[in-house]
Each structure stands twice: as C-alpha cells, then as structure tokens.
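Asker: The structure under discussion is supplied below as structure tokens; questions concerning it will follow.
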Amino acid sequence: MTGAILEFQAVHYRYPDGSKGLDDCTLMIAEGERTAILGANGAGKTTLLLHTNGLLRPQQGEVRYDDRLLSYRRAELIRLRTDIGMVFQNPDSQLFSASVREDVAFGPLNLGLSADEVGHRVDRALAAVHLNDCAHKPVQHLSFGQKKRVCLAGVLAMHPRVLILDEPMAGLDPAMQREFLSLLDELHASGLSVLLATHDLDFAYQWSDTMVIMDAGKCVARIATDTLSAQQEVLTRFGLGIPQVMQVWNALGSAEDTPPRSVEDLCRYIVDNGYK
Amino acid sequence: MTGAILEFQAVHYRYPDGSKGLDDCTLMIAEGERTAILGANGAGKTTLLLHTNGLLRPQQGEVRYDDRLLSYRRAELIRLRTDIGMVFQNPDSQLFSASVREDVAFGPLNLGLSADEVGHRVDRALAAVHLNDCAHKPVQHLSFGQKKRVCLAGVLAMHPRVLILDEPMAGLDPAMQREFLSLLDELHASGLSVLLATHDLDFAYQWSDTMVIMDAGKCVARIATDTLSAQQEVLTRFGLGIPQVMQVWNALGSAEDTPPRSVEDLCRYIVDNGYK
Amino acid sequence: MHIMEGFLPAGHAIGWILVSAPVVAYGVYSLGKKVKKHPEYRMLLGVAAAFTFILSALKIPSVSGSSSHPTGTGFGALLFGPTAMAPIGLVVLLFQALLLAHGGITTLGANVFSMAIVGPFVAYGVFRLARMVRLPFGLAIFLATCSANLMTYLTTSAQLALAFPDPAGGFVASFVKFAAIFAFTQLPLAIIEGLLSVLIFNALARF
Amino acid sequence: MRIERFSHQSAWRHVAPSAKGIFTLSGLCAAFLAASVAAAAGVALTFAFLTLAVARIAWRSYLLILAPALFFLVLSAFSIALSITWGESWRDVSLSFPAEQLKQATLVCTRSLACLCSLLFLPLTTPLGDLMALLRRLRTPELLIDIMVLGYRSLFVFAQVVSATRTAQIARLGYINTQRALRSLGILIAHTTLHLWQRAEQLHAAAQARSGEGPLRFADQTFPHAGRDGLIALLAGASLNIVVVIAG
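And the structure:
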C-alpha cells in the first residue's frame, strides 16, 4: 500500500440547519490511487469531499494532508486548495466567467502568477482536456460534456496533486462518459491521485483501485476493488447492490478468483472460455 | 399495434438563437405504451417533448393529438395540457410554491375545478406518489427525489392521459431510481401512456415497450424493444452502444430469440440453463 | 440601512406608510399592465425579488475587515427600472422583517420609502443624467449605485431626525448627528457597492 | 433563515394564522400604548416567553435571531441619547447626554424591543406560506402575492445557486485578498443575474404546461378553528392592551 495523502480521524460535521454531514468518519486516501467513494444520496459523500480542501472544517476530529494536521491558517489553505483541485457536480454553478479561457484562468490569476505563466497554464490545461479549439467560445454555447471538461481544465491549471470529483458522470450521455473516463485515466497515468464520489456502482467497480463506502456520515468500509468479489456482503448490507458484471459472474459460477471489471472484459471472458 | 395518440409529421423547429431543435422529425407515439426516446445530448429529445403539449409550435410540419391536427387555439391548448402532463428534468425550475399541497393544487385550480374536487385530486395525486406524509412540509425541506415526486404529483392531479418525463432518472441514486421506476410502472398499469426522454440505454431497454431513436433533430428509428436484438446495428450506428444485458447475451450466443431485459433476469436464465 | 421595528413613533410610522403606499400602488398598477402583455414577466418579478433578497444577504468584504451588505436596490433599478423596484422592494423588506428580523412591520413604510423608492429613483436618475452628459458607462454605473446607496442612508438619517429632533439643535442638529454616526459604516459601503456594480456590469457585458 | 426552520416545528403551527396575526398586532399596539419602560418591557417579556414556549426554540437561538437587530438598536439609542451643540465656530462642538434624551432613548429602545418580540412571535410560529395565504384573503393585490410566492420559493433555489458558485470560487482561491474577493463577487452576481431570465423562462414554461397563464392560483389551507382562535386572540390581545394602559 502506498502512503496516505489524506487522512480523516473521527471527523464530525453537522450543518448549520441541523442535518448531519459526517459522523465519526475515519478514512485514508492513498497517494497515486483511484479512489471511489460510494453511498446513497445523503450518506455524506459531498460533505467528505468539502473537507478535503478545507472548504468545510471539522467540528470534531482531525484531517491530515501529507501527514500534517490541517491548521486552517491562510497560507496553508492556499497551498491546500492549490494542491487539491475540486470539480463540483454541476458545471453551470462553477463556470462563472463569460469565455472558456477566462474561466480556466480564474484560479491561476488568483495565485498571482504572471500573465505569461497564466497563459501557458491555460493552454496546457485546455490541451489536457482536448478543448484547445473551444478556448474562445462563450461558455453557454458549449455542450454539457464540454462544460464538464472546462471545469476540469480550470482545476488542472492550478497544477494540483489530487483531483477530487463529485459525481463526474452525472448528466453525461454514454459517449461523453467514455470520453471523460479515458480523460480521467490519462490524468491518473500522469501521476495525479484521483478521488471521486459517485452512486454509480458499476462505474466505480470498473474504474477504481479502492472503494470507500459511506453510510449515514460514516466511512463504513474501505475495499481494494480487486478483492471486492470476496466482500460482496458489504455492498448488499448498505443497500448498494452488486455490480452488474459481478452479478453475471456470480451466476456463471466461474472458478477464477478475480472477476472482470467491465462488460467488455466479461463478454471476452465468456467467449474465450466457450460458455455454451 | 395500438392507435397513435401523438403523431409528428415532418416537424421543423429552430430556436431563436439559431440552434437546431427538430429537423424533419416524423414519429408516432402509440397509446397505452411505454415509449423511451433515446439520443445523445443535443439530439433534440427535449425539443420533441416540448412540442407534445404545445409549449413549442412547429415552424414547419404538423403535430397530431388523438388524430386531430393541433390548431394551437386557447381552448385546445388547455385540453392538450390537461391530457398531456409534463415533468421537466429539474424539479427546482418547475415548483412554484414553497408548500407541497399548494403546488400540486396549481394545475387543478387552473382548470377551474371546485375547491372540494381540487382537494380530492391533490390527496389522490400525493397518495399515488407515496408522499401523503410530506403534504405539509415546505418544498425546500424535501430531498431531490421527493421533489421529483412532487412534480409528478402536480401533473397527475390534472388527470392526464399521457405522462411525459424528461430524464426522470437523472440525479437519483439507485434506491430512488428503483422506487421511481416502480412508480412509473404503477402509473402505466393504471392506464397512462408514458413517454420519456433518456440517455440511459440500459434503463430504456429494461423499461420500454418501444424505443424511439433521435439523432441531430430527426427521429431515425422506432423499434419495438422486444425486437431490439435483431436491430442492434441501429444502436451502434448512432453511437448509443448496446445494452449491457444484451452484450452478455450476445457473448453467450444463446439460441433463443428474445434476450432478458434486466440483469436479474439474465442471471436467472444463466443459472436455469446451467451455463458452466 | 433598516429602521428597526417599533423605533419610529406611531404618527411617523403611519405617515411614512401613507407616503410610500401610492408609489407602491402605482408600481403594482404599471407592472400589472406589463404582465398582461408579457405573462413571463410575472415570473421574472418573483425571481428578481428573491435575487434582491439574496444580494442584500451577501457579505461584502469591506475595508475595515468586517463584513456588511449592500442594499442592491440601485443595481436592481438599473436592471428592472425604478417603478418595478417599489413593489419588489416592498416584498423584499417584508421578507427581511419576517425571515431575518431586519427592519419591521411598523417601520415598513419608512424603509420602503428610503430603500425601495428613493434609492432606485436616484440610481435611475443619476444614471440617465450621467449618460446624457456622456460620462463613460462604468463611471455612470458607479455614480448611480453609489449615490443611490448614499441617498438611502441620508434619507434614513432624515427620517430618524424628523422623529427624534435634537432638543437644542432641532432637526438639523439631529440629522447631522445620525448621518455622522452611520457614516462610519455607510460611506465605505456606498463606495464598495458602486465599485461592485461596475464589476458586475463589466462581467455582464462580456456574456 | 433560522426563523423559517422554527416556524415549521412550532406547537401552534396549526392555529389559524389570522388569530396569530391579530395577537401580534395587539402586541405592536400595546408596545406603542406603553407609557413607561416597565410596561413596554412587560410586553416584550410576555411575547418572548410565549414565543420560546410555543415555537420550541432555545433562548440561545432566540438571542441569536435578535442579535443583529439589537446591535442596530444600541447604535440608534446612542444616537438619540447623544446631544450635539455648537458654539461660536464649527470646532466648538460639545457632546452630552442630557437626562431628558437618555430617558427618551430608553423608552424608545424598550418599545422597539417589545415590537420586535411581538413581531417575531408571528414568523416563528407561522410559516411564511400561511402568512401569504392570509394576505391573499385580505385582498392584497394579486401581483404582490405572486411576487411573494415566487420570490419565497426562489429564495431557496438562488441561495443554493449562489452558495454553490461561491464555494467553487473559494476552492479556486477567489477570495484570497480583498481585491480578488471583490472581483469574484462581481463575477458571482453577474453570473447569477443571467440565471434570472433563464429561471423565469423555465417557470413560465412549467406554468403553461399546467395551464397556468394568468395569476398563480393556489388552494388555501383551511384552519377549522379559525373563528374560535381569532376570538381568543382578540380577547387576549385586548386584555394585554388594557393591562398596559392601566399599568401606564
């Protein structure tokens, strides 16, 4: 196991309106991994994400980044929010500038970088999300999928170490989902740790290295996705169901240990092994 | 095949900002069926829905309801919008009142019904979506899934013949999706025709009687879902992919004609037929 | 700047209600005509009221470091016209009284007068005037919103001074007194509101 | 928005809003009739205790709700009490707190407090929706009611939009210093302004889809004991006023 980049220790958070956010939540996010946080709506996934870069502050308990307890001092928050880039669920509420370039430049400009450096970073970020040709388009003329990628670019331009995404696949049609998925894989391959919250079990199973399961504000399980098939009762216990691929795998009753992750792999396996 | 309740004949619609909505769109929606409209984002699904109850008016071509050409006269529009109930994608942009009861009563009151009749209808509509106990809660205290159901109740209280839904599953977690799905099945069983737009192929395959495929403002195919396995190339031609269940079914190379609709059925089939 | 519930003597409270009522009534009447012609305008008015409320609750980073909030009615007047702001302002002030305990019911008339009538009309008038003498757009916006905010606060001071004249110096002394005391928070706020409005319109122009 | 949340938990949620309205008005009236600090303080305490008991609200939250108003009250009272006199020249200013004005300031303050406590009783026990229904029955112009209904619902939607955008800006260091903060706020407001028209259009389409072209029509909630409740409120309010007048 690689080292922890983020650690939560018994974190409590209750919203001002009285609703519970996190309740004695303890978990660890490993550096360089793809981690998926799973749970029903209201399980505390978004609240957890908002704690990772200091947008929310635990009322009890501790959050550690890079083995250092967060102090929530100004300088530290700036470093934290530079290192940990967050893409929210709804692109319309996080794209606030008129043009794509302007929006991507928002973060770097706040860092006080020179105009040249900002320009460079914006170009590279737009290239990373394959949107160079949209740089001067007004945001409202983009498709939903393109908007999502602009949000991602806006975060990449800050040069983060960790990428945090809330429900990245929500609202994308299947073609855009494939595109966005391969984008995430490229970014992960380039060395970023990626942490995302989702309620799409099939996607989490296909994509992640580690699954973190949340329920009622608690982190109730942390599972290496490769070993999931041995721990299926955890999923059913918290009402998350079983990934479709694994359901079919179970029905097939294969002797092998690790089931395939995607439907494509499953089909290949079925054909190769001559099920008839 | 049952009779048509809605027919589009060569409908053209272009938005005032110049973007294309519908382009020579011809299709038929059969009475009493569950129809799913499939297509990528921007294919014209929502524009099509907005034409069904006269919120948009074709710039060329004709829309027929119940075999009668729409004249868009006031009295006709009122009847049309009573018969065809539309639930939009985002509940926050269609709930006017902060009180659940008030909002559900909005439609029936516009029909000029008596206070007693309105009260009855509201109660029954709330019961139909299993929200009686939320009747006196303010809308802002409801969850996203509950808000969706309030929207549905507001439409049901008009006693429609056709229910139109735009991306009903978007934003719902799996548990809420199952709940909403069984709600739709109850309503369909009670005699309503249901038409919905979605980009979730697996959901459409599991749920619908008929699939309508849209691409670039056109209706490019209309497929009885039962016969889909024979027409898979239509789906791939328009980049929609193949339903996961059908992918596995194809790999299994079964001799039977009609593949199962859901993963659960597929697994049962695999076990029953002793694939090993 | 709200006058608090119960702060004005009964006579003044009623007097200000009588002063504001006809303006609000005229606003409702003229909006009603507009809504008949464009039914979607009804929705816009409701949404605009919510927006104005949210604006007034937004914390502004102010010079002193403490946070305070703008009136937003000057900005609203430039968007929707000053006549629309009287009814919208009434609703917003009622919401503020009932949901935030800012202002009140007995002082509603006085508050409507300073914030939903004087402010918007000053903003609109100054803006038109500034454009007539060909001042640049940004400067016109700044002057309009800044002076709307200032006039609102001076009106409030005058209302308080009328109600509580200084025994020795009378209305004038009392007005100077109230104006001076509230100047500490209101002057920086007026300038910030003006600057902010310029930023908003600059951003809007690019969309 | 703390007040809004308490209104739904109040034990008197189902008492007729008209009765609660009458009682609040009688409180306001009593506050103005109160000729002494003690009488006004009595009215304030009566309503404060009643509200705490009925609205199931902790005194700490109640004080938090009162706090901003109290701050303004102290500032205004200070201004009333303060007297400025000029001598020969501009520089010759003397400040004093004459006894007369101190007395007046104290009375105005307590009256104001009494009014505030009476007023708060209403929204803390009655959801705003019920109050709007009451205003509708009192023949408030339709358009004003529509603005209120739509505005009230939209408050929560906009609050969410604004807070989501603000959070996204904070995450990208938009509020790092005063200058950047002002810029970010300008962008935020401009961005939200654009939503206004969009949302108005969507609401209009949704209304049309349910045959609503004209004024918004809503069913009134009925309160079975409205008459009885109103009478009790009237009697209680009247006796409060009489006590206040007698007590001076």
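Protein chains in written order, with our numbering: chain A, 1 to 276; chain B, 277 to 552; chain C, 553 to 759; chain D, 760 to 1007. The beta-carbon is built from N, C-alpha and C at its ideal position, and this holds for glycine as well.
As an exercise, report each continuous alpha helix (DSSP H) stretch of at least 4 residues that is fully enclosed by the stretch 417 to 454 of chain B, in chain order.
Answerer: DSSP runs (the alpha helix (DSSP H)) wholly in the stretch 417 to 454 of chain B: 420 to 432.
Asker: What's the gap between the Cα of His564(C) and the Cα of Ala713(C)?
Answerer: Approximately 11 Å between the Cα atoms of the pair.
Asker: Tell me whether the beta-carbon of Thr198(A) lies closer than 7 Å to the beta-carbon of Thr35(A).
Answerer: Their beta carbons are not under 7 Å apart, which means Thr198(A) does not touch Thr35(A) by this criterion.
Asker: With DSSP as the reference, label Leu183(A) as helix, strand or coil.
Answerer: Note: Leu183(A) maps to helix in three-state DSSP.
Asker: Is Val813(D) close to the ligand ATP? I mean its beta-carbon at under 6 Å from any heavy atom of the ligand.
Answerer: This structure lacks the ligand ATP; in fact it carries no ligand of any kind.
Asker: Taking 7 Å as the threshold (beta carbon to beta carbon), is Ala98(A) in contact with chain C?
Answerer: So yes, Ala98(A) belongs to the interface.
Asker: Return the first residue and the last residue of the beta strand (DSSP E) that Lys296(B) is part of.
Answerer: Lys296 to Ala306 is the span of the beta strand (DSSP E), which, as asked, contains Lys296(B).
Asker: Per DSSP, what kind of secondary structure is Gly617(C) in: helix, strand or coil?
Answerer: Note that Gly617(C) scores a pLDDT of 36, beneath 50, so its modelled location is shaky; the value from the coordinates is reported in the next line. Of the three classes helix, strand and coil, the one that applies to Gly617(C) here is coil, per DSSP.
Asker: Suppose the cutoff is 7 Å on Cβ atoms and the five residues either side in sequence are ignored; what does the same chain contact list for Gln863(D) look like?
Answerer: Correct list, in chain order: Ile839.
Asker: Cα separation between Val380(B) and Leu389(B)?
Answerer: Near 13 Å, if we compare the C-alpha coordinates of Leu389(B) and Val380(B).
Asker: Could you name the residues of the same chain whose beta carbon sits closer than 6 Å to that of Gly337(B), not counting the 5 residues immediately before and after it, in chain order?
Answerer: Same-chain partners within the cutoff: Gln285, Ala286, Val287 and His288.
Asker: For Phe977(D) and Leu832(D), I'd like the C-alpha separation in whole angstroms.
Answerer: Those two C-alpha atoms are separated by around 39 Å.
Asker: Listing by chain order, which chain B residues have their CB less than 7 Å from the CB of Leu266(A)?
Answerer: Correct list: Val524.
Asker: Under the DSSP definition of a beta bridge, which residues are partnered with His288(B)?
Answerer: Paired residue(s): Gln336(B).
Asker: Looking at the structure shown, is Met760(D) part of a helix, part of a strand, or coil, going by DSSP?
Answerer: Three-state DSSP puts Met760(D) in coil, outside helix and strand.
Asker: Taking only runs of the alpha helix (DSSP H) that begin and end inside the stretch 74 to 114 of chain A, which ones reach a length of at least 4 residues, in chain order?
Answerer: Qualifying alpha helix (DSSP H) stretches, in chain order: 74 to 83, 91 to 94 and 100 to 110.
Asker: Is it buried or exposed, Ser842(D), if we count other Cβ atoms within 10 angstroms and call 16 or more buried?
Answerer: Label assigned to Ser842(D): buried.
Asker: For Leu975(D) and Phe96(A), which I take to be in contact (beta-carbon distance under 8 Å), what is that distance rounded to the nearest angstrom?
Answerer: Actually they are not in contact, since the Cβ atoms of Leu975(D) and Phe96(A) sit about 31 Å apart, beyond 8 Å.
Asker: Would you say Asn41(A) reaches chain B, if we count a Cβ-Cβ gap shorter than 7 Å as a contact?
Answerer: Yes, its Cβ sits closer than 7 Å to a Cβ of chain B.
Asker: If you drop the 5 nearest sequence neighbours on each side, which residues of the same chain put their C-beta closer than 8 Å to that of Thr951(D)?
Answerer: Excluding residues within five positions, the ones whose Cβ falls inside 8 Å are Phe917, Val920, Val921 and Thr924.
Asker: Give me the DSSP bridge partner(s) of Glu283(B).
Answerer: Glu283(B) is bridged to Met304(B) and Arg340(B).
Asker: Are Val415(B) and Ala374(B) closer than 7 Å when you measure CB to CB?
Answerer: The answer is yes: Cβ separation under 7 Å.
Asker: Below 9 Å on C-beta distance, what does Pro174(A) contact in chain B?
Answerer: Under the 9 Å cutoff, chain B gives Ala316, His475, Asp476, Leu477, Gly515, Leu516 and Gly517.
Asker: Among Ser749(C), Ala757(C), Phe730(C) and Leu702(C), whose alpha-carbon lies nearest the alpha-carbon of Gln738(C)?
Answerer: It is Leu702(C) whose Cα lies nearest to the Cα of Gln738(C).
Asker: Rounded to the nearest angstrom, what separates Ser616(C) and Asp442(B) at their Cα positions?
Answerer: With a pLDDT of only 40 at Ser616(C), under the threshold of 50, the placement of this residue in the model should not be trusted; the figure read from the coordinates follows. Their Cα atoms are separated by approximately 50 Å.
Asker: Using a cut-off of 8 Å between C-beta atoms, extract the partners of Phe759(C) located in chain A.
Answerer: In chain order: Ala98, Pro138 and Gln140.
Asker: Along the chain, where does the alpha helix (DSSP H) that runs through Lys585(C) open and close?
Answerer: Residues Ala562 to Lys589.
Asker: Report the rounded CA-to-CA distance for Ser619(C) versus Thr937(D), giving the unit in angstroms.
Answerer: Only weak support is given to the placement of Ser619(C): the predicted model assigns it a pLDDT of 40, under 50, and the value that follows is read from those uncertain coordinates. Those two C-alpha atoms are separated by around 11 Å.
Asker: Per DSSP, Ala497(B) forms a beta bridge with which residues?
Answerer: DSSP, once it has assigned bridges, lists Ile489(B) as partnering Ala497(B).
Asker: List in chain order: all unbroken alpha helix (DSSP H) runs of 4+ residues lying wholly within the stretch 866 to 913 of chain D.
Answerer: The qualifying runs are 887 to 896.
Asker: State the Cα-Cα distance for the pair Ser614(C) and Ile929(D), rounded to the nearest angstrom.
Answerer: Residue placement at Ser614(C) is flagged as unreliable, the pLDDT there being 49, under the threshold of 50; the coordinate-derived value follows with that caveat. Between Ser614(C) and Ile929(D), the C-alpha separation is close to 17 Å.
Asker: Is the distance from the Cβ of Lys424(B) to the Cβ of Asp299(B) below 7 Å?
Answerer: No.
Asker: Between Ala527(B) and chain A, is any beta-carbon pair separated by less than 7 Å?
Answerer: Taking Cβ atoms only, chain A reaches closer than 7 Å to Ala527(B), which makes this a yes.
Asker: Using a Cβ-Cβ cutoff of 7 Å, what residues of the stretch 423 to 451 of chain B are near chain A? List them in chain order.
Answerer: Taking 7 Å as the Cβ-Cβ cut-off against chain A, the residues of the stretch 423 to 451 of chain B that qualify are Ala446, Gly447, Asp449, Pro450 and Ala451.
Asker: Roughly how many whole angstroms lie between the Cα atoms of Val438(B) and Leu463(B)?
Answerer: Taking the straight line from one Cα to the other gives about 10 Å.
Asker: If you draw a straight line from the alpha carbon of Leu432(B) to that of Leu468(B), how long is it in whole angstroms?
Answerer: Answer to the nearest angstrom: the Cα atoms are 10 Å apart.
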